[in-house]
Structure formats: C-alpha cells, structure tokens
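Each residue of the sequence shown is one higher than the one before, counting from 1 in the UniProt record's numbering. Where a beta carbon is used, it is the ideal one built from N, C-alpha and C, also for glycine. Note that this is a predicted model, so its numbers are computed, not measured.
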Amino acid sequence: MASHLSSVSDPNAPSVRIVFACLCKSVRFETSASPTALPITTHVCHCSICRRTHGTLFTVNAQLPSPEPVWIPPSSLDKCVKYRSSRNLDRMFCGTCGTHVLDYGLDDGGYFVSTAIVESVDGLEDVRDASTTELSSTKGAESVFDVRVHVFSKHVKDGGTTAWWRPSMKCWDPSDEQDSASTDLATTGAPNQSAHITAHCHCGGVRFFVRRPDPVKDLPPGTTLVAKSLLPHHDRTKWFACNCYCDSCRLAAGVFVAQWFYVPLDAITLTDQPPTAPMNPAQLSALGTSKSYKSSNHVTRTFCGVCGATVFHFDDRLAADASIAVGLLDAPGGVRADEFLKWRTVEDPKEEQTADGLKYHGKWVGEYIRGLAEWGKKTEM
Ligand SMILES: [Zn+2]
Ligand SMILES: [Zn+2]
Ligand SMILES: [Zn+2]
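Put into structure tokens, the structure is as follows:
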C-alpha cells in the first residue's frame with residue numbers, strides 16, 4: 001500500500017505548467033511538472049533517423065514530465081501526422097506546418113517532447129521565490145531543459161556538431177543495431193560524388209541532387225543573400241552553410257538550431273545530370289511528398305508530409321536562391337559535409353536570429369556559438 005500511496009500526487013504540491021506549441025499553433029498541449037524535477041536532463045541525438053526526419057544535424061528531445069500530453073482545444077492529436085520511424089518509435093509532427101512535437105515509444109508507452117517548442121512556463125518563478133533567495137534569470141525553456149550527453153555522435157563520421165557544444169558533455173554510442181540507418185551516409189550517394197551530392201528525407205518521399213558550385217559561373221556562394229556580411233569569405237568551391245536560431249526555424253525544425261546551406265535554384269536537380277531548366281520554388285515545393293507552409297510574408301518553408309523532415313526555405317526577396325536543410329545530405333565525409341559546405345563560424349549575438357535563440361535558451365545557444373567560433377578558429381587556421 002505504501003508504494004501506492006506515495007505515487008498519488010499531492011494536489012497542494014507546487015506544480016509548473018509548461019505549454020508547448022508548433023509554428024502555426026494548430027498543435028498545442030501542456031504538461032505539468034514538479035519544480036524539483038526541473039530542469040529535465042536530456043541528450044542530443046545525432047542518429048540518422050533524427051537527422052533525416054528533421055533535416056537538422058541533431059535533435060534534442062526530452063521525456064515528457066507527465067504521462068500524457070494534455071491537448072489544449074481546439075488542438076488535438078488529430079492535428080498531428082504520425083510517422084513510424086523505427087520498429088518501436090512513432091514521431092508526430094504538425095500536419096500544417098511540419099513542426100515535430102512529440103515522439104512516442106511503442107515499447108514503454110512513454111512520450112518524448114521536442115525541447116524547441118516551449119511556448120510558456122508558469123509557476124516556476126513563484127516556487128523559486130519561496131524556496132530560494134536567488135532567482136533564476138531564465139523563465140522559459142532554459143528552466144525546463146538541460147542537456148548532458150551526445151548520443152550516436154560516432155555515427156556521423158566527422159564528429160558533426162559535437163565540437164560546437166560545450167566540451168564537458170559525455171558521448172554515448174549504443175550499438176549500430178539501434179541506428180540501422182546510420183550507414184546511409186556513403187552508400188546512397190550519387191554515381192559521381194565529386195560533382196553532386198544527394199539529399200533525401202527519412203521516408204525517401206523527397207529526394208534530389210545538389211551540384212557543387214561552379215567557381216567560374218556561380219557568384220560567390222551566398223552573394224545574393226540579404227546580409228552579405230554573412231559571408232565568411234569567398235570560397236567559391238563550396239556552398240555557404242550556417243546555423244539559424246530564429247524562432248521560425250526553431251519551430252519549423254523542432255530543434256533549437258537549424259542548419260541551412262544556400263544555393264541558386266539551378267543547382268538543384270532530380271538526376272545527377274545538368275538541368276535543362278532550373279526548377280522554380282513552386283515546383284520544388286511540390287517535390288514528391290512535400291508540403292509547404294508560409295511562415296511569414298516573404299518566406300515559404302517546405303517539409304515532407306510523410307516523415308516531417310524540413311526540406312527547403314524560400315524567401316521571395318531572394319527569388320533565385322533556395323536554402324536546403326543540411327540534415328538531408330549524403331556527404332561521404334560526414335554529416336557536416338565539409339567537402340561541400342563552408343560553414344559560417346562567427347555569429348553576431350545582436351543579429352535578430354541569434355538574439356531570438358539566446359532569448360529562447362541562452363545557455364545552449366551561448367555555448368553553441370562559442371563552440372562554433374572556437375572550432376572555426378581551429379579549422380580555418
Ligand atoms: Zn503547426
Ligand atoms: Zn535520434
Ligand atoms: Zn519523408
């Protein structure tokens with residue numbers, strides 16, 4: 001009886017209410033947590049299934065603090081598309097905007113929530129007020145989630161983004177069996193890897209090729225970007241890639257930072273042959289199982305309607321360009337695709353997109369941009 005009694009929660013016990021929502025807000029749910037259980041420690045997963053279902057280089061999901069999400073009407077489970085990414089895991093994403101919101105473990109019946117979709121946190125400050133003399137400066141996602149361990153980081157060949165996180169994090173690499181798709185990096189490339197690279201989502205419903213930059217014909221990568229200051233330097237043999245921490249990218253991808261690279265439209269083809277005519281954003285938005293969502297006046301984002309992977313970002317002010325989600329690439333050298341991409345390594349904390357991220361989870365974004373800058377200094381020497 002004692003064990004039964006102790007499992008009954010005290011209705012007067014302090015409780016923190018956490019609301020989660022997707023980018024378009026049609027998926028909204030809440031959960032409550034004991035303040036003493038926060039922050040929830042979680043891990044960064046670098047596995048190929050996470051990369052291919054999100055389009056990012058990793059995911060950061062955490063166990064939901066309560067057994068079930070409580071849907072906030074008019075939202076319900078029906079707003080989510082369910083994708084069985086492996087024998088024992090269902091991944092759920094918003095059918096309208098593509099945000100990955102929850103994973104459900106079929107073996108243990110437990111929910112995992114995206115740490116990127118916290119809309120509000122209520123009750124924590126009051127509790128801390130009463131119990132401690134020092135108030136935390138953070139009242140949002142940072143008070144709810146912290147991260148300690150990299151999972152499947154050896155499976156990414158080049159270390160992926162691990163160097164961009166704080167160095168003290170541990171790595172845990174379960175056997176290959178648990179990430180059966182981990183070997184897909186080098187085995188499914190285009191016939192001529194040196195000229196093209198393949199990109200595809202986890203279910204394979206969206207698949208295309210991207211050619212290398214032509215150092216003579218192509219403008220320096222990223223030249224048509226609004227902010228030319230984004231350019232690290234003009235390495236004309238590689239496409240320009242960067243991390244984005246803005247609220248829209250965070251929510252669209254379901255990860256606090258999304259990785260993109262920029263290409264002219266004629267770099268994207270359905271075969272590894274040169275295109276007869278470049279596809280336009282409308283055609284690319286309709287590729288295979290794609291769905292699209294207009295996240296602002298100028299921006300359309302596309303995602304796979306079956307597995308939820310983020311695919312393209314189009315800005316109508318940059319009509320000749322597309323941004324492509326790096327997590328979809330089959331780079332033989334590793335997930336960072338260093339042979340193909342030139343990464344921006346110095347972020348400006350005052351830039352809107354970085355400021356967004358620092359506001360959402362100052363600790364993670366702060367550590368990440370420091371790690372990125374350190375890595376940049378080492379690799380660019
Ligand atoms: Zn949505
Ligand atoms: Zn994973
Ligand atoms: Zn897919």
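If you draw a straight line from the C-alpha of residue i to the C-alpha of residue j, how long is it?
| i | j | result |
| --- | --- | --- |
| Met-279 | Gly-254 | 27 Å |
| Asp-266 | Gly-333 | 24 Å |
| Ser-290 | Thr-302 | 6 Å |
| Ser-6 | Gly-95 | Only weak support exists for where Ser-6 lies, its pLDDT of 40 falling under 50; the value from the coordinates is given anyway. Approximately 40 Å, taken between the alpha carbons. |
| Val-149 | Tyr-262 | 30 Å |
| Phe-208 | Trp-164 | 28 Å |
| Ala-141 | Asp-214 | 42 Å |
| Gly-288 | Pro-14 | 49 Å |
| Asp-356 | Tyr-245 | 6 Å |
| Val-299 | Cys-249 | 11 Å |
| Ser-85 | Asp-235 | 37 Å |
| Ala-186 | Cys-45 | With a pLDDT of only 43 at Ala-186, under the threshold of 50, the placement of this residue in the model should not be trusted; the figure read from the coordinates follows. Looking at the two C-alpha atoms, the distance is approximately 20 Å. |
| Pro-73 | Ala-21 | 12 Å |
| Val-70 | Thr-31 | 6 Å |
| Val-346 | Gly-366 | 12 Å |
Just to confirm, are residue i and residue j a CB contact at a threshold of 9 Å?
| i | j | result |
| --- | --- | --- |
| Asn-243 | Arg-344 | yes |
| Val-16 | Gly-123 | yes |
| Ile-18 | Ala-33 | yes |
| Val-118 | Leu-38 | no |
| Pro-174 | Val-156 | no |
| Ala-252 | Thr-310 | yes |
| Cys-201 | Val-326 | no |
| Pro-167 | Arg-211 | no |
| Pro-281 | Phe-314 | yes |
| Asp-158 | Asp-272 | no |
| Arg-91 | Gly-308 | yes |
| Trp-239 | Phe-312 | no |
| Thr-115 | Cys-24 | no |
| Val-206 | Trp-364 | no |
| Asp-321 | Ile-197 | no |
| Arg-51 | Thr-59 | yes |
When DSSP builds the beta bridges, which residues end up paired with residue i?
| i | result |
| --- | --- |
| residue 382 | Given that the chain is displayed from residue 1 to residue 381, the structure contains no residue 382 and the question cannot be resolved. |
| Ala-322 | Val-263 |
| residue 395 | Outside the shown range of the chain, which is 1 to 381, sits residue 395, and nothing can be said about it. |
| Asp-158 | Bridge partners of Asp-158: none, in fact. |
| Thr-379 | DSSP, once it has assigned bridges, lists no residue as partnering Thr-379. |
| residue 391 | This structure does not reach residue 391, given that the chain is present from 1 up to 381, and the question cannot be answered. |
| Val-16 | Ala-33 |
| Thr-271 | Bridge partners of Thr-271: none, in fact. |
Per DSSP, what kind of secondary structure is residue i in: helix, strand or coil?
| i | result |
| --- | --- |
| Val-306 | coil |
| Lys-291 | strand |
| Thr-300 | strand |
| Thr-354 | helix |
| Ala-372 | Before going on, a small fix: residue 372 reads as Leu here, not Ala. Note: Leu-372 maps to helix in three-state DSSP. |
| Ala-258 | strand |
| Val-144 | helix |
| Val-365 | helix |
| Ala-253 | helix |
| Asp-316 | helix |
Return no unless some Cβ of chain D is closer than 9 Å to the Cβ of residue i.
| i | result |
| --- | --- |
| Trp-164 | Although the question refers to chain D, the structure presented lacks it and comprises just one protein chain. |
Which ranges would you report for the beta strand (DSSP E) in the UniProt domain "CENP-V/GFA" (18–128) if only whole runs of at least 3 residues count?
Counting whole runs of 3 or more residues, the UniProt domain "CENP-V/GFA" (18–128) contains the beta strand (DSSP E) stretches 28–33, 40–45, 59–63, 80–86, 89–94, 100–105, 111–114 and 118–122.
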